[in-house]
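*Asks:* Residues in the sequence shown are numbered consecutively from 87, following my numbering. Sharing a structure below in structure tokens format, with a few things to ask.
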Amino acid sequence: MAENNQDLQKQINEINQKLDQVLNHVNEQRLQRESLNDLADDLSIIGKDAFQSTVDELDKRDIEVNVDDLKNLSLRMLRNVDNFNQMLETFESMVDLTKDAGPIVNEVGVDVIHKFHEMEQKGYFDFLRESTRIMDTIVRNYSPEELRELAENIPVILETIHNITQPDMLRALNNAVNTYQETDFSEIKEYSLWKTFKEMRSPEMKKGMGFMITFMKKLSNQQTKSHQSTKQ
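Put into structure tokens, the structure is as follows:
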């Protein structure tokens, strides 16, 4: 009998604990509901004040608001909530990318600035400015037709430059320039016809005349070949 009373008392105590928990939960729910009601009242007051302020401001600026337009706008915004979310996600991704790429972009920018400074120190920009002046001079002094003809003859010009820059040709030109510089024109003597004929018998003059004759023959043959190839 005593054991039954103890079991009964134990069950009653458990029921009382559960009732206390239920009452506490109900009380917490009531407090939260009262807090939400108070918040709703406050928001309602704030919303009314904000609405009235907005109405007064619109009235001051003579702006008429169409309620149907606002309703349509609200409905469109609600229909595009997913699109807004995607746009915000894209924006967040761009912000993250900017944060990640920021140091890399800064490093690249610093390298570019250093490279530009190096190019300026070496004179690249001065060269470009002078090149622009050269182009201006060409445009002022040559017609488009002349430039077109020049462009067509660029292969010949390049071939000529290539031939001139060969070691043998450069040495010959250098010898000619040195000879010209070493010649004192104030000390050149006058030669009579007899003396000229006499000098022409010297080995140097014979070799020189042989060179001139050979050169003229080869030049004439080359001109003939060029003329024939042009006709073809």
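C-beta atoms are modelled at their ideal positions from N, C-alpha and C, and glycine is treated no differently.
(1) Would you give the residue range spanned by the alpha helix (DSSP H) that residue 287 belongs to?
(2) Could you tell me whether the Cβ atoms of residue 255 and residue 264 are closer together than 8 Å?
(3) Among the residues of its own chain, which have a CB less than 8 Å from the CB of residue 200, if the five just before and after it don't count?
(4) Provide the residue span of the alpha helix (DSSP H) that contains residue 235, from first to last.
(5) Consult DSSP for residue 252 and reduce its assignment to one of helix, strand or coil.
(6) Where residue 234 and residue 221 are concerned, what is the direct C-alpha to C-alpha distance, given to the nearest angstrom?
(7) Please report the distance separating the alpha-carbon of residue 299 from that of residue 276.
(8) In the DSSP assignment, find the alpha helix (DSSP H) that holds residue 224 and state where it starts and stops.
(9) Using beta carbons (cut-off 8 Å, strictly below), is residue 250 in contact with chain C?
(10) Please classify residue 119: does DSSP put it in a helix, a strand, or coil?
(11) Have a look at residue 231 and residue 197 and give me their C-alpha separation to the nearest angstrom.
(12) Output the distance between the C-alpha atoms of residue 167 and residue 98, rounded to the nearest integer angstrom.
(13) How big is the Cα-Cα spacing for residue 139 and residue 147?
(14) Leaving out five residues before and five after residue 189 in sequence, what residues of the same chain have Cβ atoms less than 8 Å from its Cβ?
(15) If you draw a straight line from the alpha carbon of residue 262 to that of residue 289, how long is it in whole angstroms?
*Replies:* Taking the coordinates as given:
(1) From DSSP, residue 287 is part of no alpha helix (DSSP H); its letter is neither H nor E.
(2) no
(3) none
(4) 230-238
(5) coil
(6) 15 Å
(7) 24 Å
(8) 210-227
(9) Among the chains of the structure shown, chain C does not appear; only one protein chain is present.
(10) helix
(11) 44 Å
(12) 54 Å
(13) 12 Å
(14) none
(15) 19 Å
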